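Colleague: Below is a structure I'd like to ask you about.
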Amino acid sequence: MRKNTGFTLIELLVVVAVIGVLSGILLAIINPRGFRAKARDGQRVADLKKIQTGLELYFADNRLYPPSGWVRITGSDAVSALLSPAYINIVPIDPVQSGSSNDACSNPTEYRYNYKTDGVGTKYILTAITEVETSNNGFECNVLNNWGALGCGGSYATSDVCYGVENP
Numbered sequence: 016m017r018k019n020t021g022f023t024l025i026e027l028l029v030v031v032a033v034i035g036v037l038s039g040i041l042l043a044i045i046n047p048r049g050f051r052a053k054a055r056d057g058q059r060v061a062d063l064k065k066i067q068t069g070l071e072l073y074f075a076d077n078r079l080y081p082p083s084g085w086v087r088i089t090g091s092d093a094v095s096a097l098l099s100p101a102y103i104n105i106v107p108i109d110p111v112q113s114g115s116s117n118d119a120c121s122n123p124t125e126y127r128y129n130y131k132t133d134g135v136g137t138k139y140i141l142t143a144i145t146e147v148e149t150s151n152n153g154f155e156c157n158v159l160n161n162w163g164a165l166g167c168g169g170s171y172a173t174s175d176v177c178y179g180v181e182n183p
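Sequence positions in the sequence shown follow my numbering and run 16 to 183.
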């Protein structure tokens, strides 16, 4: 008589089911959407540094920053036109670029870059709306030196997700 060595169909199905449940739990713990959001926030930080470098090069040549009220950086706005291609090859835009808010004070779910000067071009703030609240740690808009004069004032809708840089 032959002795069967191997797994039965039921045993294989049970193993596949257990692996499926464990991988589902693992995906829930890992949170790939959160990783993607953090990656986009990292891109936003790098983009603002690139724009900031362009603004400083512009300042070195003109002794002022491009004067502007609140503007949304779109790559085709007036500030982008002054920076590209002379100071930045291509002005970066937000990886999601949703909405049309021109200021950094409202609509925390509209991802964009905003820029504003004091009107005469001696100081500026440059902001991004992040997807993850902790992405702006240490660079919250309301801790910028220029925020009092140029920012949104007291309470504003994007305070938890507003990342900002300013002139040195």
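Ideal Cβ placement from N, Cα and C applies to all residues, glycine included.
Nothing here was measured: the structure is a model prediction, and the numbers come from that model.
Taking the straight line between their C-alpha atoms, what separation do you get for Val-31 and Thr-68?
Modeller: If I take the Cα positions, the gap works out to 53 Å.
Colleague: Could you give the C-beta distance for Thr-145 and Arg-59, rounded to a whole number, given that I count them as a contact under 8 Å?
Modeller: Yes, they are in contact, since the Cβ atoms of Thr-145 and Arg-59 sit about 6 Å apart, within 8 Å.
Colleague: Taking Ser-95 and Val-106 to be in contact with their CB atoms under 8 Å, please state how far apart those CB atoms are, rounded to whole angstroms.
Modeller: About 4 Å separates the two Cβ atoms, so the contact holds.
Colleague: Is the segment 154 to 169 touching the segment 119 to 139, taking contact as three or more C-beta pairs under 8 Å?
Modeller: They touch, by the three-pair rule.
Colleague: Measure from the alpha carbon of Asp-118 to the alpha carbon of each residue in Ala-52, Phe-154, Ala-54, Ser-174, then state which is nearest.
Modeller: It is Ser-174.
Colleague: Would you call the segment 40 to 54 in contact with the segment 75 to 92, where contact means no fewer than 3 C-beta pairs closer than 8 Å?
Modeller: Because the criterion of three Cβ pairs below 8 Å is not met, the segment 40 to 54 and the segment 75 to 92 do not touch.
Colleague: Which value, in whole angstroms, describes the spacing of the CA atoms of Pro-123 and Ala-75?
Modeller: Going by the C-alpha atoms only, they are around 33 Å apart.
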